[in-house]
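Before any comments, here is the structure.
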Amino acid sequence: MSIMRILVAICGLLAVAFATPFHIEPLSDAEIFYINHVANTTWKAGRNFHPAEIKRARALLGVNMAENKAYNRIHLKYKQVQPRNDLPDNFDPRTKWPDCASLNEIRDQANCGSCWAFGSAEAMTDRICISGKGNIHISAEDINDCCKSCGMGCNGGYPAAAWEWYVDTGVVSGGQYGTNEGCMPYSLPHCDHHTTGKYQPCPAVVPTPKCEKKCRTGYPKSYSNDKTRGKKSYGVRGVQSIMQELVDNGPVTAAFDVYSDFLSYKTGVYRHTTGSYEGGHAVKIIGYGTESGQDYWLVANSWNEDWGDKGFFKIAKGKDECGIESSIVAGDP
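When you line the sequence shown up against mature numbering (1 follows the signal peptide of the UniProt record, and there is no 0), it's residues -19 to -1, 1 to 314, in that order.
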């Protein structure tokens, strides 16, 4: 066989391989190449995790989607939001509420499946500021460690339960690791979930820290006196209603299905393109807009600012991409 025929055969095999994304190894160079150069996508991928780290990446996904949906059916009451005709086409809360610095923040859940606590605490924090009740950072540590009805800490939980606990019991204040801010800052250090970065490499998956029910040394309030309680929690259904909720009251908590391609997100509007199912993840939706003709939700992740687009990502809006519009939770501070 001539060299030319061999080259043609090799090219044909590669074309077939890249045309069948379900055969591509998760987090591999081939998966990234397929997304960027073969598939018709609205986003770009890059190296966020080494292929050997797929198990550790899965540990960050702290929402069992089937159980979460079942929990919401039983416990979550839905708010009747009436969308108005004056909804803006694009909305970024950082422009509307510039004095709320938390809207710009990206937290880090470390190597713990506490995304459900982070996505909830972050939205609670923003809404407290937006409502004019101060710049209090709600403690993800308190929710993750001490809300026993919410789930299993670093092994996962339910965002709706976190919001219920915020209303029924209250949550203390607490910033990120190393800030010494509030009653109960996060106890797990920022770490490199990614191949390179400014932090130390993430350790093995950590157990849930013990619920201490006490504030850090030197903090002027007791644990019980530092609690902040919400007025009520609720779910929101429907794209227009979610948009109206964001415009009126600020960020919401969402849970969605994660496939291996999402782990390699860098820029653009994410749509599931290829890869295996990895688990459920909770995040904070802050706004929405349109990019190159594709409507999107603007979302804050909790894998530090080295991941994705400086810690944020955009995901397709309007067709319940990966279930992102099916498990929206929020509340009044």
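Here a beta-carbon is modelled for each residue, glycine too, at the ideal position from N, C-alpha and C.
Following the continuous alpha helix (DSSP H) through Phe99, name the residue where it begins and the one where it ends. Secondary structure note for Phe99: its alpha helix (DSSP H) is the uninterrupted segment 96 to 111.
Ser307 to Ile223 span [Cα, whole Å]: So the alpha carbons of these two residues sit roughly 10 Å apart.
Exposed or buried, Asp287, counting other C-beta atoms within 10 Å across all chains shown (16 or more means buried)? With 16 or more other Cβ atoms within 10 Å, it is buried.
Classification of Ile55 by the beta-carbon crowding that lies within 10 angstroms, buried from 16 upward: Here Ile55 is exposed, its C-beta having fewer than 16 other C-beta atoms within 10 Å.
Touching or not, the region 223 to 235 and the region 195 to 210, by the rule of three or more beta carbon pairs under 8 Å? Taking 8 Å as the limit for Cβ pairs, the verdict is that the region 195 to 210 does not touch the region 223 to 235.
Tell me which residues share the same chain as Ser154 and place their Cβ nearer than 8 Å to its Cβ, disregarding the 5 neighbours each side in the sequence. Excluding positions up to five away in sequence, the list reads Ile117, His118, Ile119, Ser120, Glu162, Gly163, Cys164, Met165, Asp207, Thr209.
If you draw a straight line from the C-alpha of Tyr246 to the C-alpha of Tyr167, how long is it? A straight line joining the alpha-carbon of Tyr246 with that of Tyr167 spans about 26 Å.
Less than 8 Å between the CB atoms is what I'm expecting for Asp276 and Ala297, so what's the real figure, rounded? About 7 Å separates the two Cβ atoms, so the contact holds.
Please give the ranges of any alpha helix (DSSP H) in the region 122 to 152, keeping only runs that are unbroken, at least 4 residues long and fully inside the region. Runs of the alpha helix (DSSP H) inside the region 122 to 152: 140 to 149.
Distance CB(Ala141)-CB(Tyr258) smaller than 8 Å: No. Outside cutoff.
Run of the alpha helix (DSSP H) containing Ile35, from where it starts to where it stops: Run containing Ile35: 35 to 39, per the alpha helix (DSSP H) assignment.
Ala311 lies in the beta strand (DSSP E); which residues open and close that run? For Ala311, the uninterrupted beta strand (DSSP E) run begins and ends at 309 to 313, by DSSP.
Using the three-state DSSP reduction, which class does Gly304 fall into: helix, strand or coil? Helix.
Between which two residues does the alpha helix (DSSP H) carrying Leu279 extend? Judged by DSSP secondary structure, Leu279 falls outside any alpha helix (DSSP H) and instead within the beta strand (DSSP E) spanning 275 to 281.
Where Trp24 and Ser205 are concerned, what is the direct C-alpha to C-alpha distance, given to the nearest angstrom? Whole-angstrom Cα-Cα distance: 46 Å.
Between the C-alpha atoms of Lys212 and Gly299, what's the straight-line distance to the nearest angstrom? Spanning the two alpha carbons is a distance of roughly 30 Å.
Starting from His262, follow its DSSP beta bridges and name the residues at the other end. Phe237.
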